[in-house]
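Protein chains in written order, with this note's numbering: chain A, 1 to 322; chain B, 323 to 644. Beta carbons: idealized from backbone N, C-alpha and C, even for Gly. Here is the structure we will look at.
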């Protein structure tokens with residue numbers, strides 16, 4: 001399908017055709033009008049996939065865990081979409097390849113669609129790229145979307161912003177992450193997994209996490225389990241904890257409000273990122289604005305006056321209030 | 323000085339008067355026109371302070387380390403400005419207070435000015451708040467600015483964006499941070515400190531860091547030292563490593579380019595944050611735009627069309643390219 005019509009694209013994706021799905025994602029990523037026409041058309045049908053986000057520090061084995069989970073869910077004949085979100089440099093991608101490669105086992109399975117997301121070429125940044133891919137995979141009939149963050153910071157936010165259930169993956173030695181939970185800097189997830197639990201004693205970190213969770217006043221206590229992703233140990237339990245959380249969201253009527261809030265945040269994140277891209281491009285394109293920036297760098301114009309001037313010129317925002 | 327004139331404010335801050343300095347920061351934080359007039363006036367004089375940024379996971383003892391460093395630098399009769407950047411919730415601030423309190427020892431020292439930064443009330447977010455405080459403390463004659471990030475993510479970016487020298491503070495057990503360095507997700511700092519080096523064996527993490535650093539092709543190998551901030555051990559060496567880096571920047575002619583790049587990034591960060599704030603406020607204020615958001619949440623309008631409509635209405639951006 002080198003030049004598909006909108007109808008061919010819709011038919012192909014709706015029937016779960018892999019080539020059509022890959023094509024739809026590429027069209028959207030390349031800002032092709034056909035891609036956007038496609039998204040407009042299918043958006044009302046989306047929301048049928050259940051999205052599970054995996055966050056956690058690098059090196060804890062998230063990709064291996066995901067791969068083991070894919071195997072389990074495929075045995076149960078569920079259709080899967082997998083999205084890896086990685087905002088980092090080409091250097092990083094190389095460094096992490098050894099980890100990511102586990103997912104390659106599933107590349108030939110027609111019931112699994114795997115996509116890696118970078119930041120390149122998207123006016124709306126990572127938020128836009130991730131949302132678009134998720135919507136296409138949702139429309140393609142994925143029962144479950146697995147979203148994995150490879151980096152930290154921004155990518156973690158994007159994954160959480162789309163996930164119905166958030167799984168935090170740690171390992172014995174993830175002292176920083178436990179401290180971040182304790183300090184309230186890291187949001188409490190729905191499920192906590194201590195992976196590589198056989199490689200090092202996990203008792204210390206488990207106690208530490210339990211103590212930390214007991215401190216907060218939580219609406220629902222997160223499940224805490226151990227896994228050994230390489231051997232598949234604990235993966236059954238992981239999935240059953242995710243399903244428990246899903247059932248809880250349903251019983252409590254919390255799934256819809258969570259998704260509505262996520263959609264609003266996505267819109268603001270994408271619009272904000274597009275505005276910022278527009279702003280930087282305007283300064284590149286406009287010699288007058290480049291002079292404003294130069295003046296700041298020479299310390300002849302203060303940065304806040306420069307911001308005001310740029311915003312007025314580019315957006316006609318009157319930032320007197322700032 | 324309840325209603326100072328601009329001249330009184332300038333005279334007060336330039337002579338290092340604490341009340342005038344506190345007043346100037348408050349005026350700027352409250353978006354008072356006098357505050358901005360003050361910044362416009364003093365900006366050409368700034369850049370005389372040397373800024374050292376401290377990043378690292380929570381719980382490694384950054385505040386204790388900072389406090390010990392303040393003691394050392396005060397013995398050398400340097401004037402200091404200290405800024406703690408914490409973007410987190412009130413809940414977090416409570417949780418971290420035990421740590422932050424170490425700095426209280428220095429609250430009465432007239433040669434040290436300490437300020438905590440949150441996100442509240444700034445159109446331009448944390449970037450703006452931090453830059454403003456740094457400029458005021460620079461104008462007030464600080465020889466050294468010590469910038470500490472309390473949270474992670476955004477606050478780390480702001481601290482790095484102002485720092486001439488970046489110090490990463492870890493402890494034995496900071497496995498996640500070393501993995502992030504290894505994966506290239508965390509930028510390589512100028513100095514790495516392993517604090518609490520006597521509480522747990524530090525050999526493992528030191529080896530791990532050395533191996534990681536050896537992998538990269540670095541322009542300059544970061545110094546790697548151990549400290550025990552509570553007893554003051556290693557603080558002398560920490561300062562001498564910071565001075566070594568400063569001397570290297572000078573010899574290589576890298577200080578000015580670094581600062582110019584930082585200033586440009588600050589301008590974009592502040593302008594971007596202001597644009598985003600403006601956007602969200604516009605949606606709150608405009609019933610028509612709120613309906614657009616509602617339509618997305620009901621899945622009757624796709625998010626990218628909503629983004630386009632919002633950007634056109636608020637900024638008159640034609641985002642056909644997106």
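For residue 219 of chain A, is the classification buried or exposed, using 16 other Cβ atoms within 10 angstroms of its Cβ as the cut-off for buried? Stepping through the first chain from its first residue, residue 219 of chain A is reached at position 219. When all chains shown are included, residue 219 of chain A counts as exposed.
Within the same chain, show all residues whose beta-carbon is closer than 8 angstroms to that of residue 482 of chain B, passing over the 5 residues directly before and after it, in chain order. One-based indexing of the second chain puts residue 482 of chain B at position 160. Hits under 8 angstroms: 375, 377, 488, 509.
Determine which residues of the region 352–371 of chain B have a Cβ less than 9 angstroms from any Cβ of chain A, and write them out in chain order. 353, 355, 358, 361, 362, 363, 364, 365, 366, 367, 368, 369
Residues sharing a beta bridge with residue 117 of chain A, DSSP: Counting from 1 along the first chain, the entry for residue 117 of chain A is found at position 117. According to DSSP, which records beta bridges pairwise, residue 117 of chain A is partnered with A/85.
Between the region 512–538 of chain B and chain A, which residues of the former have a C-beta closer than 7 angstroms to a C-beta of the latter? none
Please name the residue or residues paired with residue 547 of chain B in a DSSP beta bridge. Looking up residue 547 of chain B in the second chain gives position 225. Bridge partners of residue 547 of chain B: B/515.
Same chain, Cβ closer than 7 angstroms to residue 419 of chain B, neighbours up to 5 away in sequence not counted: On the second chain, position 97 is the one that residue 419 of chain B refers to. Low confidence applies here, because residue 419 of chain B scores a pLDDT of 45, under 50, leaving its location unreliable; read the following figure in that light. Correct list: empty, nothing qualifies.
When the cut-off is 7 angstroms and only beta carbons count, does residue 113 of chain A lie next to chain B? To locate residue 113 of chain A, count along the first chain from 1; it is residue 113. Not an interface residue.
Segment limits, beta strand (DSSP E) that includes residue 509 of chain B: On the second chain, position 187 is the one that residue 509 of chain B refers to. Looking at the DSSP string, residue 509 of chain B is not in any beta strand (DSSP E), and its letter there is neither H nor E.
Please state the DSSP three-state secondary structure of residue 587 of chain B. Position 265 of the second chain, counted from the first residue, corresponds to residue 587 of chain B. Three-state DSSP puts residue 587 of chain B in a helix.
Using a beta-carbon distance below 7 angstroms, is residue 592 of chain B in contact with chain A? Numbered from its first residue, the second chain carries residue 592 of chain B at position 270. Yes, residue 592 of chain B lies at the interface with chain A (some Cβ there is under 7 angstroms from its Cβ).
7 angstroms is my cut-off, CB to CB: does residue 303 of chain A come that close to chain B? Taking the first chain and counting its residues from 1, one reaches residue 303 of chain A at position 303. Yes - at least one Cβ of chain B is within 7 angstroms of the one on residue 303 of chain A.
Is the beta carbon of residue 326 of chain A sitting closer than 7 angstroms to the one on residue 70 of chain A? It is not possible to answer for residue 326 of chain A, since the shown part of chain A is limited to 1 through 322.
Answer with yes or no whether the minimum CB distance from residue 613 of chain B to chain A is below 7 angstroms. As a first step, residue 613 of chain B must be located in the second chain, where it is residue number 291. By this cut-off, residue 613 of chain B is not an interface position.
Per-residue burial, residue 414 of chain B [other beta carbons within 10 Å of its own, 16 or more giving buried]: Counting from one through the second chain, the residue named residue 414 of chain B turns up at place 92. Model confidence at residue 414 of chain B stands at a pLDDT of 42, short of 50, so the residue's coordinates are unreliable; what they give is reported in the following sentence. Burial call: buried.
For residue 3 of chain A, does the count of other Cβ atoms within 10 angstroms reach 16, so buried, or fall short, so exposed? Stepping through the first chain from its first residue, residue 3 of chain A is reached at position 3. Per the 10 Å Cβ criterion, exposed.
Determine, using beta-carbon pairs with one atom in the region 518–530 of chain B and one in the region 563–577 of chain B, whether at least three such pairs fall under 8 angstroms. no
Measuring straight from C-alpha to C-alpha, what distance separates residue 280 of chain A and residue 594 of chain B? Translated into the one-based positions of the first chain, residue 280 of chain A becomes position 280. Translated into the one-based positions of the second chain, residue 594 of chain B becomes position 272. If I take the Cα positions, the gap works out to 9 angstroms.
Which residues in the same chain as residue 364 of chain B place their Cβ atom closer than 6 angstroms to its Cβ, once the five residues preceding and following it in sequence are excluded? By 1-based counting over the second chain, the position of residue 364 of chain B is 42. Excluding residues within five positions, the ones whose Cβ falls inside 6 angstroms are 461.
Closer than 8 angstroms, Cβ to any Cβ of chain A: which residues of the region 328–353 of chain B, in chain order? 353
Within the continuous alpha helix (DSSP H) that includes residue 181 of chain A, where are the two ends? Reading the first chain from its first residue, position 181 is the one you call residue 181 of chain A. Where residue 181 of chain A is concerned, the enclosing alpha helix (DSSP H) stretches over 175–182.
Do you know offhand how far residue 550 of chain B's Cα is from residue 518 of chain B's? Residue mapping note: residue 550 of chain B aligns to position 228 of the second chain, counting from 1. Residue mapping note: residue 518 of chain B aligns to position 196 of the second chain, counting from 1. Rounded to whole angstroms, residue 550 of chain B to residue 518 of chain B spans 5 angstroms at the Cα level.
Expected contact under 8 angstroms - CB spacing of residue 514 of chain B and residue 390 of chain B to nearest Å: Taking the first residue of the second chain as 1, we reach residue 514 of chain B at position 192. Taking the first residue of the second chain as 1, we reach residue 390 of chain B at position 68. Not quite, the Cβ-Cβ distance comes to about 17 angstroms (not below 8 angstroms), so this is no contact.
Sorry if obvious, but does the Cβ on residue 357 of chain B come closer than 6 angstroms to a heavy atom of the ligand SAH? This structure does not include the ligand SAH; it has no bound ligands of any sort.
When Cβ atoms are compared, which residues of the region 160–180 of chain A fall closer than 9 angstroms to chain B? 170, 171, 172, 173, 174, 175, 176, 177, 178, 179, 180
Given 8 angstroms, three or more beta-carbon pairs between the region 303–320 of chain A and the region 330–337 of chain B: no
On the DSSP bridge list, what partners appear for residue 233 of chain A? By one-based count along the first chain, residue 233 of chain A stands at place 233. According to DSSP, residue 233 of chain A bridges with A/228.
Return helix, strand or coil for residue 487 of chain B, following the three-state DSSP convention. By one-based count along the second chain, residue 487 of chain B stands at place 165. Note: residue 487 of chain B maps to strand in three-state DSSP.
Taking DSSP as the reference, what is the three-state secondary structure of residue 560 of chain B? Against the second chain, residue 560 of chain B aligns to sequence position 238. Helix.
Closer than 6 angstroms by C-beta to residue 545 of chain B: which residues in its own chain qualify, once you throw out the five before and the five after it? Chain order, please. Along the second chain, read from residue 1 onward, the residue named residue 545 of chain B stands at position 223. Here the set comprises 513, 563.
Whole angstroms are fine: how far does the CA of residue 314 of chain A sit from the CA of residue 457 of chain B? Locating residue 457 of chain B in the second chain gives position 135, counting from the first residue. Locating residue 314 of chain A in the first chain gives position 314, counting from the first residue. Cα to Cα, the separation comes out at about 26 angstroms.
Assuming residue 183 of chain A contacts residue 380 of chain B under a Cβ cut-off of 8 angstroms, what Cβ separation, rounded to an integer in Å, is found between them? Counted from its first residue, the first chain places residue 183 of chain A at position 183. Counted from its first residue, the second chain places residue 380 of chain B at position 58. Confirmed, Cβ separation roughly 4 angstroms.
Grab the span of the alpha helix (DSSP H) containing residue 479 of chain B for me, first residue to last. The residue labelled residue 479 of chain B in the question sits at position 157 within the second chain. That run of the alpha helix (DSSP H) goes 476–482.
Use the C-beta contact count for residue 366 of chain B: other C-beta atoms within 10 angstroms, 16 or more gives buried, fewer gives exposed. As a position in the second chain, residue 366 of chain B is number 44, starting the count at 1. Counting Cβ neighbours within 10 Å, residue 366 of chain B comes out exposed, since fewer than 16 surround it.
How about residue 546 of chain B: is its C-beta nearer than 7 angstroms to some C-beta of chain A? For the purposes of this step, residue 546 of chain B is taken as residue 224 along the second chain, with counting starting at 1. Taking Cβ atoms only, chain A never reaches closer than 7 angstroms to residue 546 of chain B, which makes this a no.
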